[in-house]
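In the working numbering, the protein residues as written are 27 to 274.
This is the structure we're talking about:
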């Protein structure tokens, strides 16, 4: 990552999009605590569909996609730099909403997630993830990603389904998700969005996921060693018992 402009650089043995996409402050204003807040113009850069060239055909066959995302440092008004939040729409290939599996590479992140986008959002959790930590967001849960530091840029990789799509409408209608990550006197506080009536939230460290067969090893290496490891991402309905018992 080129920290000056959030450019993403890849090795010669890696396939990647010709142009990295960027998300801007104006793209997320409708989900902020203060829609007029000032902050970095470029919030993050994203490269979807990245991998070793030798794996390109297999990833297509498995309908599996790897993405790399670099987040800027700073604040948006009083909020940490973050995405607007979304829900994974139903993917035609599996007829289901799908999960996402994150791995933090540099810096620290909060992965915020909630069960529902409705007045009662159900379980709400912000998972603090450090380099090497893995976080799973289950199907149907609304979520956003936060750079946990206003001083250091953040970089992560993630597995998702290839025919992904996002739902934003309900989130925008409620001006974001149920909590905002606000910095006050150097401390991070989770401020309730008045458009919800949550029953509280958990702030916790990233955990391990033995029930999904995951280790602490690099996520891409886990795919290399066991290419079917992430079938729960592309065929979530076959793992319904794990989602029913899921804990953030």
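Idealized CB from N, CA, C, for every residue including glycine.
Item	Value
Less than 8 Å between C-beta atoms, sequence neighbours within five positions excluded: which residues of the same chain meet that for residue 123?	113, 114, 115, 116, 117, 165, 166 and 262
Label residue 169 either buried or exposed according to how many other C-beta atoms from any shown protein chain fall within 10 Å of its C-beta, with 16 as the threshold for buried.	buried
Within the continuous beta strand (DSSP E) that includes residue 185, where are the two ends?	180-187
Leaving out five residues on either side along the sequence, give the residues of the same chain with a beta carbon under 7 Å from the beta carbon of residue 141.	147, 148, 149 and 167
Can you tell me where the alpha helix (DSSP H) holding residue 87 begins and where it ends?	82-88
Would you say the stretch 175-185 touches the stretch 79-97, given that touching needs at least three Cβ pairs under 8 Å?	yes
For residue 51 versus residue 202, is the C-beta spacing smaller than 8 Å?	no
State the Cα-Cα distance for the pair residue 133 and residue 158, rounded to the nearest angstrom.	10 Å
Cβ atoms of residue 204 and residue 154: under 8 Å apart, would you say?	no
How is residue 112 classed by DSSP in three states: helix, strand or coil?	strand
Rounded to a whole number of angstroms, what is the C-alpha to C-alpha distance between residue 256 and residue 65?	36 Å
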